[in-house]
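A.B. asks: Chains as they are written, first to last, in my numbering: chain P, 31 to 391; chain G, 74 to 531.
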Ligand SMILES: Cc1cc2nc3c(=O)[nH]c(=O)nc-3n(C[C@H](O)[C@H](O)[C@H](O)COP(=O)(O)OP(=O)(O)OC[C@H]3O[C@@H](n4cnc5c(N)ncnc54)[C@H](O)[C@@H]3O)c2cc1C
Ligand code: SF4
Ligand code: SF4
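1. For residue 207 of chain G, which residues in chain P fall below 8 Å Cβ to Cβ?
2. Spell out the partners DSSP gives residue 469 of chain G in its beta bridges.
3. Would the C-beta of residue 296 of chain G count as close to ligand 2, meaning under 7 Å from any of its heavy atoms?
4. Could you tell me the alpha carbon to alpha carbon distance between residue 386 of chain G and residue 316 of chain G, rounded to whole angstroms?
5. Distance, Cα to Cα, residue 352 of chain P vs residue 240 of chain P?
6. Could you check if residue 230 of chain P is buried or exposed, using at least 16 other CB atoms within 10 Å of its CB as the buried criterion?
7. Classify residue 169 of chain G as buried or exposed, calling it buried when 16 or more other Cβ atoms lie within 10 Å of its own Cβ.
8. Flag this pair as yes or no: are the beta carbons of residue 138 of chain G and residue 180 of chain G separated by less than 8 Å?
9. Where does residue 325 of chain P land, buried or exposed, given buried means 16+ other C-beta within 10 angstroms?
10. If we ignore side chains and look at the alpha-carbon of each, how far apart do residue 411 of chain G and residue 343 of chain G end up?
11. If you measure from each residue's Cβ to the nearest non-hydrogen atom of ligand 3, which ones come out under 7 Å, in chain order?
12. Residue 176 of chain P by DSSP, collapsed to three states: which one?
13. For residue 236 of chain P and residue 437 of chain G, what's the separation of their Cα atoms in angstroms?
14. Counting only runs of 4+ residues fully inside the region 307-365 of chain G, write out the alpha helix (DSSP H) ranges in chain order.
15. Please return the same chain residues whose Cβ sits closer than 8 Å to the Cβ of residue 514 of chain G, not counting the five positions on each side in sequence.
16. Quick check: is the beta carbon of residue 326 of chain G nearer than 8 Å to any beta carbon in chain P?
17. Whose C-beta lies closer than 6 Å to the C-beta of residue 116 of chain G among residues of the same chain, with five residues either side of it excluded?
18. List the residues of chain G that residue 56 of chain P touches, going by C-beta distances under 7 Å, in chain order.
19. Does the beta-carbon of residue 247 of chain G have 16 or more other beta-carbons within 10 angstroms, so that it is buried, or is it exposed?
20. Quick one: is the Cβ of residue 225 of chain G within less than 7 Å of any heavy atom of ligand 1?
21. Going along the chain, which residues of its own chain have a beta-carbon closer than 7 Å to the beta-carbon of residue 451 of chain G, five neighbours each way excluded?
22. Any C-beta of chain G within less than 7 Å: which residues of the region 62-83 of chain P qualify?
23. Below 7 Å, is the gap between the Cβ of residue 117 of chain G and the nearest heavy atom of ligand 1?
24. Taking only beta-carbon positions, decide if residue 94 of chain P is within less than 8 Å of chain G.
25. Which ranges does the alpha helix (DSSP H) cover as unbroken runs of at least 4 residues, wholly within the region 358-434 of chain G, from first to last along the chain?
26. Decide if the region 132-143 of chain P is in contact with the region 352-361 of chain P; the criterion is three or more beta carbon pairs, one per stretch, under 8 Å apart.
27. Taking the beta strand (DSSP E) that residue 263 of chain P falls in, what are its first and last residues?
28. In chain order, what residues of the same chain have a beta carbon less than 6 Å from the beta carbon of residue 306 of chain G, not counting five sequence neighbours either side?
29. Quick one: what does DSSP say residue 75 of chain P is sitting in, helix, strand or coil?
30. Note down the Cα distance separating residue 326 of chain G from residue 146 of chain G, rounded to an integer number of angstroms.
31. Using 7 Å as the cut-off, classify the Cβ of residue 242 of chain G as near or not near the heavy atoms of ligand 1, replying yes or no.
32. Please go through the same chain and pick out, in chain order, the residues whose beta-carbon is closer than 6 Å to the beta-carbon of residue 163 of chain P, but skip the five residues on each side of it.
33. What does DSSP give as the partner residue(s) for residue 493 of chain G in the beta ladder?
34. Quick one, which of P:200, P:144, P:249 and P:176 has its alpha-carbon nearest residue 328 of chain P's?
35. According to DSSP, simplified to helix, strand and coil, what is residue 31 of chain P?
36. Where DSSP assigns a beta bridge to residue 182 of chain G, which residues make up the other side?
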């Protein structure tokens, strides 16, 4: 009880601090051209808590407005908009998550993520050991198709349900209304081009080397997003081939699941490695310091999912499959189950924020 | 530290333009910046745009803004107090500087919201002046310019018509160099309150300085003391009325207050002293610094009611708020009866008519002294809001006299190896008044000239 209210007090103090900084920005406006946050701020003169939460979710932490700001520390106005918005943002994800405590745990703690991952491995190894099928080809020799489906269907659907609840909470909080098609189109295009990491003119963000502009983070992020979509597409196409065309795995290199999965896996692996590298170079005080370890853990987890998938594919037909398959599936399982409680949730919140913002344009 | 060909004193826009130009000409350049790295860039880091002539659409600028129109605008604000040759050089140079700026890392954007009146004449920097300064430092360092922070120049030795030595401190020690050429780009002296008091009188103690505390005029006074020619009125500075709660230094753009035209302004005795509605705010912005400076204790109070709250750009500090005028007076430290009387008299002299916030609406008071000739609406709808106003100094006018090559003029002709650029010589062009965006124009154009000439010399 005490802890809860103290947490709330801290969250409220963070929102107040963000509001103080936003009000300074609204009197200044120099950063107007960098991203969607400033135009959204400039449409208003006073800022409710929900407005602050919405701005925080619009901010992509490109840090342009930090390095361009004449009021950063040691100036007494002490502006650090990327930093405070990151704090408010992650706090909002924790608050809206369903159930909340899970997000509080996994967003912040890389250790908790690692433990969850170990558990995921353990479950899959156990399943592979005890429920080893009598017969089956390729991966299904290690684990039956039925078992995979009965583990992964709920592991996929439950997080989606949880995310749906979180997003609805967010949408209500920020006063979202009915959504029009052009609004969605606008938001999707901004997300697809990562407009808010473009620095406004394509020069990129100020992430890894103080005020030097670079598109490294934007491109790495694109690689991850497209990698995830392609891997996902690979799974879907495999499922369709399995059920609709009665054509079970393994698939050859020129089949749809592989054509999507292999380049997708490569993109995803490379993107995650690059994001992790950039994160090591970035100034932690301009992000949400509390969740640094959790975010890093998540990037590495995602990278591991794709890397183990690629290795698994490369080792098809060898004895390594017996080890790699549970490792890969264990990582996938952890990734899916923790989706609403890790950095992965940000994609959904970001999109919601962009859709909400498009209504104001 | 290697032996530089050129030492540049300063670290703002003018210094950077000079350093980059000289380095591109193959010279070894050392920049001595008095400020620590987070505060590098002087007043330039507070700027948002530069005024740019253009014969046709240019980058973010639309339409045309020709040399003569630009020059006429300058004549209006300076009341003729300018050097036409130098002024036209700056104006013509601005057009050609714009692409140069882009090529050296500066990014432009269309005019900021709330500044539509400047969209044709002024090119705005994406991210503002600090982003410009950062880009120039990156460019300069890539060209091999050496930069020392916290390295104030303390003395520049003038031997007849030559600079023979530059003294500065750095890292707790004194250093001396004898470079072949020197560029002075170290701004004005408004950061030096004692000097302001000397020039202006004790009132200057109460002035707020909108920009950097590092522009103390040390290089300026040091060389003027050795017989270098000055220009510009030493007793004058450009001051605007800003929020009285602003920090003593470096409050920058956010401390401006645009509420005056919609308000009643009183001094600390609760008396009005000037026509608040004389003209649209951008045109009257600059005189209010002086007006407030002339009032007791250099403070004034701008009072509005809820009708006007959202008519001007948001301010950085929230207004003092109250439900009645006497209560507001109490909170502002004014005499409640007196303020109520002043507002009452003002309200009684307002006449019906159509109020139009963005143009001269002629809605004037009747029988009031001083009158309010536009936007005179009674202050009647609570809550009432009050802001304190104080003079905020932007820059001083005193500077070096230079010729068309930016060369500094000594007692008997040019100093052979000394050039000056930016605020430190702007008095040659801007004898009084101010034209939005012209400070950066002077710094860019003459910074590039100074860099070029110094490089040519060594
Ligand atoms: C709030 C504000 C907003 C403004 N907005 C605009 C605008 O939008 N457009 C515009 O054109 N103008 C604007 N101006 C005016 C503009 O800032 C100046 O005209 C311009 O920056 C002058 O450039 P500069 O390089 O000469 O001086 P500065 O940029 O002030 O640089 C002077 C440099 O010299 C250094 N220095 C000082 N003394 C020493 C020493 N002894 N040794 C070594 N280094 C020293 C300082 O640290 C500083 O780096 C604004 C001014 C203010 C205060
Ligand atoms: S971050 Fe700083 S420079 Fe940018 S708008 Fe805000 S106050 Fe202005
Ligand atoms: S960090 Fe980038 S995205 Fe976030 S508010 Fe600043 S400029 Fe916008």
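C-beta: ideal position from N, C-alpha, C; glycine also. On a predicted model such as this, the values are computed, not experimentally measured, just so you know.
C.D. replies: Judging by the given coordinates:
1. Along the second chain, read from residue 1 onward, the residue named residue 207 of chain G stands at position 134. Result: 97, 98 and 241.
2. Position 396 of the second chain, counted from the start, is the residue given in the question as residue 469 of chain G. Beta-bridge pairing links residue 469 of chain G to G:310.
3. Position 223 of the second chain, counting from 1, holds the residue named residue 296 of chain G. Taking non-hydrogen atoms of ligand 2 into account, the C-beta of residue 296 of chain G is found less than 7 Å away from none of them.
4. Residue numbering aside, residue 386 of chain G sits at position 313 when the second chain is read from its first letter. Residue numbering aside, residue 316 of chain G sits at position 243 when the second chain is read from its first letter. Rounded to the nearest angstrom, the two C-alpha atoms are 13 Å apart.
5. By one-based count along the first chain, residue 352 of chain P stands at place 322. By one-based count along the first chain, residue 240 of chain P stands at place 210. Within the model, the alpha-carbon separation for residue 352 of chain P versus residue 240 of chain P is close to 46 Å.
6. Start at 1 with the first residue of the first chain, and residue 230 of chain P comes out as number 200. Under this definition residue 230 of chain P is a buried residue.
7. Along the second chain, read from residue 1 onward, the residue named residue 169 of chain G stands at position 96. By the 10 Å Cβ count, residue 169 of chain G comes out exposed.
8. As a first step, residue 138 of chain G is located in the second chain; it is residue number 65 there, counting from the start. As a first step, residue 180 of chain G is located in the second chain; it is residue number 107 there, counting from the start. Cβ distance not < 8 Å, so residue 138 of chain G and residue 180 of chain G don't count as in contact.
9. Counting from 1 along the first chain, the entry for residue 325 of chain P is found at position 295. Classification of residue 325 of chain P: buried, given that the 10 Å Cβ count is 16 or more.
10. For the purposes of this step, residue 411 of chain G is identified with residue 338 of the second chain, where counting begins at 1. For the purposes of this step, residue 343 of chain G is identified with residue 270 of the second chain, where counting begins at 1. Rounded to whole angstroms, the gap between the alpha carbons of residue 411 of chain G and residue 343 of chain G is 6 Å.
11. Selection output, chain order preserved: P:61, P:64, P:65, P:67, P:68, P:89, P:90, P:91, P:92, P:93, P:94, P:95, P:96, P:111, P:112, P:115, P:226 and P:235.
12. Position 146 of the first chain, counted from the start, is the residue given in the question as residue 176 of chain P. Residue state, collapsed to three classes: helix.
13. The sequence position of residue 236 of chain P within the first chain is 206, counting from 1. The sequence position of residue 437 of chain G within the second chain is 364, counting from 1. Their Cα atoms are separated by approximately 51 Å.
14. The alpha helix (DSSP H) runs lying completely inside the region 307-365 of chain G and spanning 4 residues or more are 354-357, given in chain order.
15. Taking the second chain and counting its residues from 1, one reaches residue 514 of chain G at position 441. Residues of the same chain with a CB within less than 8 Å of the CB of residue 514 of chain G, apart from the 5 flanking positions on each side, are 123, 124, 125, 163, 164, 166, 167 and 170 in chain order.
16. Indexing the second chain from 1 puts residue 326 of chain G at position 253. For residue 326 of chain G, the answer is yes, since a Cβ of chain P falls inside 8 Å of its Cβ.
17. In the second chain, counting from the first residue as 1, residue 116 of chain G sits at position 43. Taking residue 116 of chain G as the centre and dropping the five residues before and after it, the same chain places the C-beta of 284 and 285 closer than 6 Å to its C-beta, in chain order.
18. Locating residue 56 of chain P in the first chain gives position 26, where the first residue counts as 1. One finds 387 in chain G with Cβ atoms closer than 7 Å to the Cβ of residue 56 of chain P, taken in chain order.
19. Walking along the second chain from the start, residue 247 of chain G turns up at place 174. Label assigned to residue 247 of chain G: exposed.
20. In the second chain, counting from the first residue as 1, residue 225 of chain G sits at position 152. Residue 225 of chain G: yes, Cβ under 7 Å from ligand 1.
21. Looking up residue 451 of chain G in the second chain gives position 378. Within the same chain, and ignoring the five residues on either side of residue 451 of chain G in sequence, the residues whose Cβ sits closer than 7 Å to its Cβ are 420 and 423.
22. For the region 62-83 of chain P, the set of residues with a beta-carbon nearer than 7 Å to any beta-carbon of chain G comprises 62, 63, 64, 72 and 75, in chain order.
23. Taking the first residue of the second chain as position 1, residue 117 of chain G is located at position 44. Yes.
24. Within the first chain, residue 94 of chain P is the residue found at index 64, counting from 1. Yes, its Cβ sits closer than 8 Å to a Cβ of chain G.
25. Taking only runs of at least 4 residues, the alpha helix (DSSP H) segments lying wholly in the region 358-434 of chain G are 360-366, 398-405 and 409-422.
26. Contact between the region 132-143 of chain P and the region 352-361 of chain P is absent, because fewer than three Cβ pairs lie under 8 Å.
27. The sequence position of residue 263 of chain P within the first chain is 233, counting from 1. Where residue 263 of chain P is concerned, there is no enclosing beta strand (DSSP E), although the alpha helix (DSSP H) around it starts and stops at 246-273.
28. By one-based count along the second chain, residue 306 of chain G stands at place 233. Hits under 6 Å: 470.
29. On the first chain, position 45 is the one that residue 75 of chain P refers to. The answer is coil: DSSP assigns residue 75 of chain P none of H, G, I, E or B.
30. Taking the second chain and counting its residues from 1, one reaches residue 326 of chain G at position 253. Taking the second chain and counting its residues from 1, one reaches residue 146 of chain G at position 73. Their Cα atoms are separated by approximately 23 Å.
31. Along the second chain, read from residue 1 onward, the residue named residue 242 of chain G stands at position 169. No, Cβ of residue 242 of chain G sits at least 7 Å from all heavy atoms of ligand 1.
32. Here the question's residue 163 of chain P lines up with position 133 in the first chain. Taken in chain order, the residues that qualify are 174.
33. Residue 493 of chain G sits at position 420 when you count from the first residue of the second chain. According to DSSP, which records beta bridges pairwise, residue 493 of chain G is partnered with G:257.
34. Taking the first chain and counting its residues from 1, one reaches residue 328 of chain P at position 298. With distances taken between Cα atoms, residue 328 of chain P lies closest to P:144.
35. Residue 31 of chain P sits at position 1 when you count from the first residue of the first chain. The pLDDT assigned to residue 31 of chain P is 48, lower than 50, so where the model puts this residue is not dependable, and the model offers no usable value.
36. Along the second chain, read from residue 1 onward, the residue named residue 182 of chain G stands at position 109. In DSSP, residue 182 of chain G forms a bridge with G:197.
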